[in-house]
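Quick mapping for you: the protein sequence lines, in order, are chains A, B and C. Numbered per numbering that gives the first Met the number 0, the first sequence spans residues 0 to 119. Numbered per numbering that gives the first Met the number 0, the second sequence spans residues 0 to 343. Numbered per numbering that gives the first Met the number 0, the third sequence spans residues 0 to 173. By construction, the Cβ of each residue, glycine as well, lies at the ideal position given by its N, Cα and C atoms. Owing to the predicted nature of the structure, the values given are computational and were not obtained by experimental measurement. First up is the structure itself, then whatever we jot down about it.
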Amino acid sequence: MGLDTWSLVTVYEIVVFLVTVPLLIFGWLMGAKGKNPIRDAPFESGQTHLGEARQRYMMQYYPYLIMFIVFDVVAMFLFTWGLAFSGVPLTQDYLFLVFIAVLVAPLGYALYLSGRREFW
Amino acid sequence: MTCLQGLPTLQEIVNLVLRIITSRTFLEVVFFPGFLNVMLSAAFLTWLERKVIARVQLRIGPLYAGISGILQPIADGVKLMFKETIFPELADTKLLMLCALGLMLLAFAPAVAIPFGEGFVIANMDVGLVYVFAVLSLFPSVILLIGWASNSKYPFLGGLRSLFQQVAYEIPMWLSVLGIVMLTGTLNLTKIVEAQQRLWFVVPQVLGFAVFFTAALAELERTPFDLPEAETELVMGWMTELSGVPFMIGFLAMYTKLYVMSALITTLFLGGWSGPGFVPQPVWVLLKTFLVASVIVVIRGSFPRVRVDILLKTGWTRLLLLALVNILVTVALISFGLDWVWRI
Amino acid sequence: MPDIVFLTLSGLVIVSAIFALEARELIYGAVGLAFSLIGVAGLFILLGAEYLAMFQVSVYVGAVVVLILFTIMLVRRESGRIVEEEEPGRLGRAGILVAGLVALAVAGAVILVVPMSLEAPEFHGIPLRELGRYLASSYAVALVILGILIGATVVGGLTLVKVEREETNSGAAQ
C-alpha cells in the first residue's frame, strides 16, 4: 500500500494504543470494590506512612542533569560530523575536538559539585 | 485548502478497509515483525529470564504452565488483568494511567526500525539510529512522572534514581555508536547491517561494543545497575504502587525494552540478519537477539549491585572517556584506509 | 492528506501549549509542554527535517522537560501549589479586547496585502553529510564559540546554584 515510513510508524503506534486502552479499562472495571484506609495507603512494608512523600532527594545530582542537556546537543553536532567523516581530515576537523574539550571543564565542575554530598 | 470532494460511499469505505487489512504492510506491522512479534518476544523473555535465573540459582523456575512453564507469561498476564487496579489515596490516578499508556507506546516504538532481513523492515528510516535513541530518551520523563504521581516515598525515590541513571548512561551510549556511524556514513539501520557483511562491527568496535553493552544494562535498569528496582531497598522502585493492568504494562515495558535493546545490539554489532543461509534471515535476528538477552540475564544472576554515586560517576567519567577513545580508534582506522571492509 | 496531518499536529502544539499555560498543577503544565514539543517535532518531520525532529525530541522533551519536571518536584511546597487567580478588572478586559482587535486587524492586513499561498515552496534540503562538512569547515569557529558560550552558561548557572546553597547552608548553621 505504498504508505511512507512515518505513516507506518503512526499506524503501528495506533495499534499499540488500541490494544492498551481497552486493557487498562478492562483492568479498571474488573477489580473488586471496597475502599478502606489500609488498602489505600502508600506501601511502606507494613508501617504506617509518615511525612511528606515528595522531598528533596538526590538534589546533589542536579548538575548532572544540566550537563546531560549540554552533551545531548554535543551529540547532535558530533553525529553530523561523524556522518561526514570520510577519512580525509580537513584542517578544521580538530576544531571539533576543541568544541568537545571546551565542554569538559563544565563537566568537571558539575562532577565536583555533585560529589560534595554534605554541601547539598 | 483541499475540500472534501463528496463523502465516499459505505461500500468504498469497507473496500478500502479490507484492502488495508490484507495488505502486506499492515500484516507486517501488526504481526511480524511488528506488534505481535514484540509482544510475544517480550513475554518469551520473561519466561527465559525466570528459567535462566533459576538455573543460575540451582532451581528450576516455572514448570507447570505448559511444557517447561512456557505458558507462564500468559498465565501471569491473565491473572494481572483480573486484579484490582489499586492506587494510593493521594496518588494521581489519571496521570498514572496516562503514563502507563505512554510506557506502552514508548516501549514498542523502537521495534519498528529494527531490520529483519534485506529490505524486510517496517520503517526504513534514514535516521533509524537516532530515532531509536530519541525514543529511549523519553523513558526517564515517563518513569519520573510515575514515581511522582504515586505520591509515595519508594516510587518517588526509585523514579529519581532511574532518571539519573538513565540520563548518565545515555551519553556514552550515543557516543559509542559514533564509530559505527563513521565507518558506514549512514544512520540507516538496514544499511548498517548491510555494511557488516564481511566483518561484524563487534570486532573493530570492541570498545564501542563494551561501552554500549554496559550503557544498555544501565538503560534497562538491570543488574548490576538495578538500583531503581533494588528489592531489598525500594520494593519495586517506581513500579511499587502499580497494580493489576498498570503493573502488567510496566513489567511488560521493561521486557519489551530488553528485547528492543538486544535486537539493537544484534543489529549494530552482531551483523543483524547475516548468517549461513540454511536458516532464514529473520530467524537469525531472533536467535542472536535472544542470545544477547540470555547473556544479559546471566549477568543479572552473577553480579552485585553498584552503589548510586559510583554508578553515576562511572557513567559520566569512565564510560564517556572510553567512548571517546573508541572514536579516536575509529578515526585511526579510517585514516589508515581500513574502512573499505565495511563499504559496500 | 498532508493537510490533515499538518492541522492535527498544529492543533496538538497549540492546544497543548494552552493547556500548559492554564493547568492548575505545574506538573500538568510540564506535561502539556512535552506534548507541544512533540507536536513541533512532528512538524519538523513533515518538513523533511527528520534528523532535527529526532534531536528535538531527545533534547527538548527528553532533557529540558525532564529538568523542568525535576525542578518542579523538588521545590519546597510551602508556597502552595494552587496559584491565586484574579479575574481581570474592567481595565484588563478592555485591554484584552483592544489587543484582540489589533491582532485581527494586523492579520487581516497581512493576508490581504501580502501574496501568500498554502503550497509550501520546493524544499531542497541539505543532506546530513553536507551539513557535517559545513560544520567542520566553514562554521567550525562558530561551533567553538558556541561551545564556549554553552560552557560559560553552564558554569554560570552552577555557580549561582552553588552560591545560593552556600547562603542557605550558612543561614541554617547560624
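query: Could you tell me whether the Cβ atoms of residue 127 of chain B and residue 176 of chain B are closer together than 9 Å?; result: no
query: Mind checking if residue 108 of chain A is an interface residue toward chain C, Cβ cutoff 9 Å exclusive?; result: yes
query: Can you round the beta-carbon distance between residue 62 of chain A and residue 90 of chain C to whole angstroms, since I take them to be within the 8 Å contact cut?; result: No, residue 62 of chain A and residue 90 of chain C are not in contact; Cβ-Cβ is about 45 Å, not under 8 Å.
query: Give the straight-line distance between the Cα atoms of residue 112 of chain A and residue 218 of chain B, rounded to the nearest whole angstrom.; result: 24 Å
query: Between residue 221 of chain B and residue 340 of chain B, is the Cβ-Cβ spacing less than 9 Å?; result: no
query: Determine the direct distance from the alpha carbon of residue 75 of chain A to that of residue 279 of chain B, and round the result to whole angstroms.; result: 36 Å
query: List the residues of chain B that residue 128 of chain C touches, going by C-beta distances under 8 Å, in chain order.; result: 184
query: Does residue 44 of chain C pass the burial test, meaning 16 or more other C-beta atoms within 10 Å, or should it be called exposed?; result: buried
query: Would you decide whether residue 183 of chain C is buried or exposed? Buried here means 16 or more other CB atoms lie within 10 Å of its CB.; result: What the structure shows of chain C is the stretch from 0 to 173, and residue 183 of chain C is not part of that stretch, so it cannot be assessed.
query: So the alpha helix (DSSP H) residue 281 of chain B belongs to, where does it begin and stop?; result: 280 to 301
query: Buried or exposed for residue 1 of chain A, going by 16 or more other Cβ atoms inside 10 Å?; result: Only weak support is given to the placement of residue 1 of chain A: the predicted model assigns it a pLDDT of 43, under 50, and the value that follows is read from those uncertain coordinates. So residue 1 of chain A counts as exposed.
query: Nearest to residue 71 of chain A by CA position, among B:118, B:137 and B:317, is which residue?; result: B:137
query: Quick one: give me the first and last residue of the alpha helix (DSSP H) that residue 158 of chain B is part of.; result: 152 to 175
query: Out of B:314, B:17 and B:141, which has the shortest C-alpha to C-alpha gap to residue 69 of chain C?; result: B:141
query: Compare the C-beta of residue 21 of chain C with all C-beta atoms of chain B and state if any pair is closer than 9 Å.; result: no
query: Is residue 58 of chain B near the ligand SAH, judged by its Cβ being under 8 Å from some heavy atom?; result: The ligand content of the structure shown is nil, which means the ligand SAH is not present either.
query: Please classify residue 63 of chain B: is it buried, with 16 or more other beta-carbons within 10 angstroms of its beta-carbon, or exposed?; result: exposed
query: Tell me whether residue 325 of chain B sits in a helix, a strand or coil according to DSSP, three-state version.; result: helix
query: Please decide whether residue 130 of chain B counts as near chain C, where near means a Cβ-Cβ distance under 9 Å.; result: yes
query: Could you tell me the alpha carbon to alpha carbon distance between residue 152 of chain C and residue 145 of chain C, rounded to whole angstroms?; result: 10 Å
query: Return yes when the Cβ of residue 204 of chain B is within less than 9 Å of the Cβ of residue 329 of chain B, no when it is not.; result: yes
query: Using only the alpha-carbon positions, how far apart do residue 292 of chain B and residue 321 of chain B sit?; result: 24 Å
query: Run through chain C and tell me which residues come within less than 7 Å of residue 79 of chain A, C-beta to C-beta.; result: 127, 130, 131 and 134
query: Against chain A, does residue 59 of chain B count as a neighbour if the rule is that its beta carbon must be under 9 Å from one of theirs?; result: no
query: For residue 261 of chain B, does the three-state DSSP call read helix, strand or coil?; result: helix
query: Would you call residue 104 of chain B buried or exposed, if buried means 16 or more other Cβ atoms sit within 10 Å of its Cβ?; result: buried
query: At the 9 Å Cβ level, is residue 139 of chain B part of the contact set with chain C, yes or no?; result: yes
query: Under 8 Å by Cβ, that's how I've got residue 94 of chain B and residue 56 of chain A pegged, so tell me the actual separation to the nearest angstrom.; result: Actually they do not touch by this definition, with Cβ atoms about 20 Å apart.
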